[in-house]
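Participant:
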Amino acid sequence: SQQGEEDPQALSIQEGENATMNCSYKTSINNLQWYRQNSGRGLVHLILIRSNEREKHSGRLRVTLDTSKKSSSLLITASRAADTASYFCATGQTGANNLFFGTGTRLTVIP
Amino acid sequence: EAQVTQNPRYLITVTGKKLTVTCSQNMNHEYMSWYRQDPGLGLRQIYYSMNVEVTDKGDVPEGYKVSRKEKRNFPLILESPSPNQTSLYFCASSFWSSGKQETQYFGPGTRLLVL
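Protein sequence lines correspond, in order, to chains A and B. Number 34 in the working numbering belongs to position 34 of the first sequence; there are no gaps in the numbering. Number 139 in the working numbering belongs to position 28 of the second sequence; there are no gaps in the numbering.
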């Protein structure tokens, strides 16, 4: 499969805690992107990290990329109930025209 | 407001009755794509287009058609829908630069039920 794989499939934490989600992939990439989806709604882009970058921040989000291990992680700090959603990684693979999405991590933040 | 719109948002139909789901974007994006989302399977790409009159198959194109006559529109056509096409469908668009996949903007989704 060309898809990325997120881990864990589901995560439940208390409000205020940090949430970490991981993504592994199999091929060479141009970039890796993280998206968020509220239940039944369209995906919303969170952050894009290019293959020559190792870390990127956006507000409470921190993304790391390790191309030698073919993995990425998304950290959400000081989580809020409103962060409850599914999170997907998507890889822009070298030589491919498309993004390949994983099956997602379902995050539940308990107030 | 920059956006991707899809219509209809919800559709119930019967097996074999042709239908079209429209998708339109106002961001002058070259790249447009259709996905279906099913429980446990994530997003799977149906068809994509890199520019006007240029379309190509994704991972699950069987039973679907698309066209790209104008840059802003990318309709998805089900000539003879079957129950296994019951799904949540998303249209997305993005810029296309030097063969690299950029940020995609998603429509709100179309929930289709085929009886």
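Where is the CB? At the ideal position from N, CA and C, for every residue including glycine. All values reported here derive from a predicted model rather than from experimental measurement.
With hydrogens ignored, establish whether the beta-carbon of Lys128(B) is closer than 7 Å to any heavy atom of the ligand COA.
Facilitator: This structure does not include the ligand COA; it has no bound ligands of any sort.
Participant: Which chain A residues are close to Tyr159(B), counting only those with a beta carbon under 8 Å from its beta carbon?
Facilitator: Position 48 of the second sequence, counting from 1, holds the residue named residue 159(B). Correct list: Asn97 and Asn98.
Participant: Per DSSP, Glu5(A) forms a beta bridge with which residues?
Facilitator: Here residue 5(A) refers to the residue found at position 5 when the first sequence is read from its first residue. Ser24(A).
Participant: DSSP puts Ile188(B) in a beta bridge; with which residues?
Facilitator: Here residue 188(B) corresponds to residue number 77 of the second sequence, with the count starting at 1. Paired residue(s): Thr131(B) and Lys176(B).
Participant: When the distance is taken between beta carbons, is Val115(B) closer than 8 Å to Cys202(B)?
Facilitator: The residue you call residue 202(B) lines up with position 91 of the second sequence. The residue you call residue 115(B) lines up with position 4 of the second sequence. Yes, the Cβ-Cβ distance between Cys202(B) and Val115(B) is below 8 Å.
Participant: Taking CB distances under 8 Å as the criterion, tell me whether Arg36(A) reaches chain B.
Facilitator: Numbered from its first residue, the first sequence carries residue 36(A) at position 36. It does not; no Cβ of chain B falls within 8 Å.
Participant: Does DSSP put Gln114(B) in a helix, in a strand, or in coil?
Facilitator: The residue labelled residue 114(B) in the question sits at position 3 within the second sequence. Three-state result, Gln114(B): coil.
Participant: Taking the straight line between their C-alpha atoms, what separation do you get for Gln37(A) and Gly127(B)?
Facilitator: The residue given as residue 37(A) occupies position 37 in the first sequence. The residue given as residue 127(B) occupies position 16 in the second sequence. Their Cα atoms are separated by approximately 31 Å.
Participant: Name, going along the chain, the residues of the stretch 38-62 of chain A whose beta-carbon falls closer than 8 Å to a beta-carbon of chain B.
Facilitator: Hits within the stretch, in order: Gly40, Arg41, Gly42, Leu43, Val44, His45 and Leu48.
Participant: Measure from the alpha carbon of Ser160(B) to the alpha carbon of each residue in Pro111(A), Thr108(A), Pro8(A) and Leu99(A), then state which is nearest.
Facilitator: On the second sequence, position 49 is the one that residue 160(B) refers to. With distances taken between Cα atoms, Ser160(B) lies closest to Leu99(A).
Participant: Does the Cβ of Gln9(A) have 16 or more other Cβ atoms within 10 Å, making it buried, or fewer, making it exposed?
Facilitator: The residue you call residue 9(A) lines up with position 9 of the first sequence. With fewer than 16 other Cβ atoms within 10 Å, it is exposed.
Participant: Select from Arg50(A), Ala82(A), Lys70(A) and Cys23(A) the residue whose C-alpha is nearest the C-alpha of Asp7(A).
Facilitator: Residue mapping note: residue 7(A) aligns to position 7 of the first sequence, counting from 1. When only C-alpha atoms are compared, the closest one is Cys23(A).
Participant: Rounded to a whole number of angstroms, what is the C-alpha to C-alpha distance between Leu75(A) and Glu190(B)?
Facilitator: Along the first sequence, read from residue 1 onward, the residue named residue 75(A) stands at position 75. Along the second sequence, read from residue 1 onward, the residue named residue 190(B) stands at position 79. Answer to the nearest angstrom: the Cα atoms are 43 Å apart.
Participant: Would you report the Cα separation of Lys26(A) and Gly95(A), rounded to the nearest angstrom?
Facilitator: Residue mapping note: residue 26(A) aligns to position 26 of the first sequence, counting from 1. Residue mapping note: residue 95(A) aligns to position 95 of the first sequence, counting from 1. Going from the Cα of Lys26(A) to the Cα of Gly95(A) covers about 14 Å.
Participant: Grab me the residues of Ala81(A)'s own chain with a C-beta within less than 7 Å of its C-beta, minus the 5 sequence neighbours each way, in chain order.
Facilitator: As a working mapping, residue 81(A) is identified with position 81 in the first sequence. Glu15, Val109 and Pro111.
Participant: Starting from the Cα of Ala78(A), find the closest Cα among Thr103(A), Asn31(A) and Gly59(A) and give me that residue.
Facilitator: As a first step, residue 78(A) is located in the first sequence; it is residue number 78 there, counting from the start. Out of Thr103(A), Asn31(A) and Gly59(A), Gly59(A) has the C-alpha closest to the C-alpha of Ala78(A).
Participant: Figure out for me which residue from Pro186(B), Asp149(B), Lys182(B) and Lys168(B) has the closest Cα to the Cα of His140(B).
Facilitator: If you number the second sequence from 1, residue 140(B) lands on position 29. The option with the nearest alpha carbon to His140(B) is Lys182(B).
Participant: Any beta carbon of chain B sitting closer than 8 Å to that of Thr105(A)?
Facilitator: Your numbering for residue 105(A) matches position 105 in the first sequence. Chain B, which has no Cβ nearer than 8 Å to the Cβ of Thr105(A), makes this no.
Participant: Got a sec: is the Cβ-Cβ distance from Asn31(A) to anything in chain B below 8 Å?
Facilitator: For the purposes of this step, residue 31(A) is taken as residue 31 along the first sequence, with counting starting at 1. Cβ-Cβ to chain B under 8 Å: yes for Asn31(A).
Participant: Name the chain B residues that come within less than 9 Å of Gly102(A), Cβ to Cβ?
Facilitator: Against the first sequence, residue 102(A) aligns to sequence position 102. Chain B residues near Gly102(A): Gly153 and Leu154.
Participant: Using 8 Å as the limit for Cβ to Cβ distance, is Thr214(B) near chain A?
Facilitator: Working through the second sequence from its first residue, we reach residue 214(B) at position 103. Interface residue, yes.
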